[in-house]
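Undergrad: Going by the numbering used here, the first residue of the sequence shown is number 36, and it counts up by one from there. Backbone N, C-alpha and C fix where the C-beta goes; we use that ideal spot for every residue, glycine too.
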Amino acid sequence: MVFKELLQHININNNVINEFKATMVGFKAIMLQNYIKVLSYSKEKIVIKCKTDFVTIEGENFSIKEMGKTDIIITGIIKSIVKDR
């Protein structure tokens with residue numbers, strides 16, 4: 036709720052609220068918010084569908100630590116992240 040209020044206060048378009056957000060912890064974990072579904076998963080590559088984009092994460096030893104309705108946490112050695120439309 037605070038995030039939405041902040042965006043409104045600084046006049047940022049509401050569409051930004053619905054886009055995905057990626058938060059990395061070093062190169063060992065990533066949390067994606069506002070994802071829709073996991074399209075493919077292996078220990079070296081994960082493809083995730085977000086509202087308007089596809090996110091491909093490549094690396095080693097991937098493990099899905101948490102998977103909620105809109106948030107997912109992935110651990111492993113992250114080598115690249117690519118966003119495609």
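#1: Around the C-beta of Leu-74, are 16 or more other C-beta atoms found within 10 angstroms, so that it is buried, or is it exposed?
#2: Using a threshold of 9 Å, state whether the C-beta atoms of Thr-87 and Glu-40 are closer than that.
#3: Name the two residues that bound the continuous beta strand (DSSP E) containing Gly-111.
#4: Buried or exposed for Gly-94, going by 16 or more other Cβ atoms inside 10 Å?
#5: Which class does Glu-93 belong to by DSSP, given the choice of helix, strand or coil?
TA: Reading off the structure:
#1: Taking all protein chains in view, the Cβ of Leu-74 is surrounded by fewer than 16 other Cβ atoms within 10 Å, so the residue is classified as exposed.
#2: Taking 9 Å as the Cβ cut-off, Thr-87 and Glu-40 do not qualify as a contacting pair.
#3: If you look at Gly-111, you'll find it in the beta strand (DSSP E) that goes 106-119.
#4: Burial is judged here by how many other beta carbons sit within 10 angstroms of a residue's own beta carbon; Gly-94 has at least 16 and is buried.
#5: In the displayed model, Glu-93 falls within a strand according to three-state DSSP.
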